[in-house]
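Here the sequence shown is numbered in this note's numbering, starting from 2 and rising by one per residue.
Where is the CB? At the ideal position from N, CA and C, for every residue including glycine.
Heads up, the thing below is written out as structure tokens.
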Amino acid sequence: MSQYIFEKGYKNDSRLVKVKLLLIHFEDENNIQFIYSPHLDLTGYGDSLSNAKDSFEIALEDFVDYTLKKKTIGKVLTELGWETKGSRKKPKKILAPSITSVINDNEYVSEIFDKYSTNTYHQEVGIPALA
Numbered sequence: 002m003s004q005y006i007f008e009k010g011y012k013n014d015s016r017l018v019k020v021k022l023l024l025i026h027f028e029d030e031n032n033i034q035f036i037y038s039p040h041l042d043l044t045g046y047g048d049s050l051s052n053a054k055d056s057f058e059i060a061l062e063d064f065v066d067y068t069l070k071k072k073t074i075g076k077v078l079t080e081l082g083w084e085t086k087g088s089r090k091k092p093k094k095i096l097a098p099s100i101t102s103v104i105n106d107n108e109y110v111s112e113i114f115d116k117y118s119t120n121t122y123h124q125e126v127g128i129p130a131l132a
């Protein structure tokens, strides 16, 4: 079973919903390493790939914590193009938008692919059930 990126630090009775994120790794002209999630519009960066991954985990944890506290996680994901299968209170599945729709809707994503050499991979993530 794959490990979740976001699992630690989340203390609540709600369950986690598995989602698979496409992550993009690239290096800019200043040798800064980036991990970017086009589906969440979140970025982590550092002077090494390991530091960029750690930074991304912090950004993801902050995103989840903030949107849960504000009770806006469902709204924010919907605005980012995500779909919920099942009921809102007990989602069976949360689906990220297709990468082609994200590329079409987000100029920054297109720029990354046009400007930098990229590596992409999927990472399973645990996001708390929508509150």
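Indicate whether residue i and residue j have their beta-carbon atoms separated by less than 8 Å.
i: I100; j: L23; result: yes
i: F57; j: I36; result: yes
i: D29; j: Y117; result: yes
i: I113; j: T119; result: yes
i: T68; j: V77; result: yes
In the DSSP assignment, find the unbroken beta strand (DSSP E) run with residue i in it and report its ends.
i: G120; result: Contrary to the premise, residue 120 reads as Asn rather than Gly in this sequence. Unbroken beta strand (DSSP E) run through N120: 119-129.
i: E30; result: No beta strand (DSSP E) contains E30, which DSSP labels as neither H nor E.
i: L41; result: Element bounds for L41: n/a, residue is neither H nor E.
Since residue i and residue j are thought to touch, with beta carbons under 8 Å apart, how far apart are those beta carbons, to the nearest angstrom?
i: Y46; j: I59; result: Actually they do not touch by this definition, with Cβ atoms about 11 Å apart.
i: V20; j: I95; result: 5 Å
i: A97; j: H26; result: No, A97 and H26 are not in contact; Cβ-Cβ is about 18 Å, not under 8 Å.
i: G82; j: S111; result: That belief does not hold up - the Cβ atoms of G82 and S111 are roughly 15 Å apart, past 8 Å.
i: L61; j: L43; result: 6 Å
Determine the extent of the alpha helix (DSSP H) in which residue i is found, giving its start and end residues.
i: E62; result: 50-70
i: L78; result: 74-80
i: S102; result: 100-106
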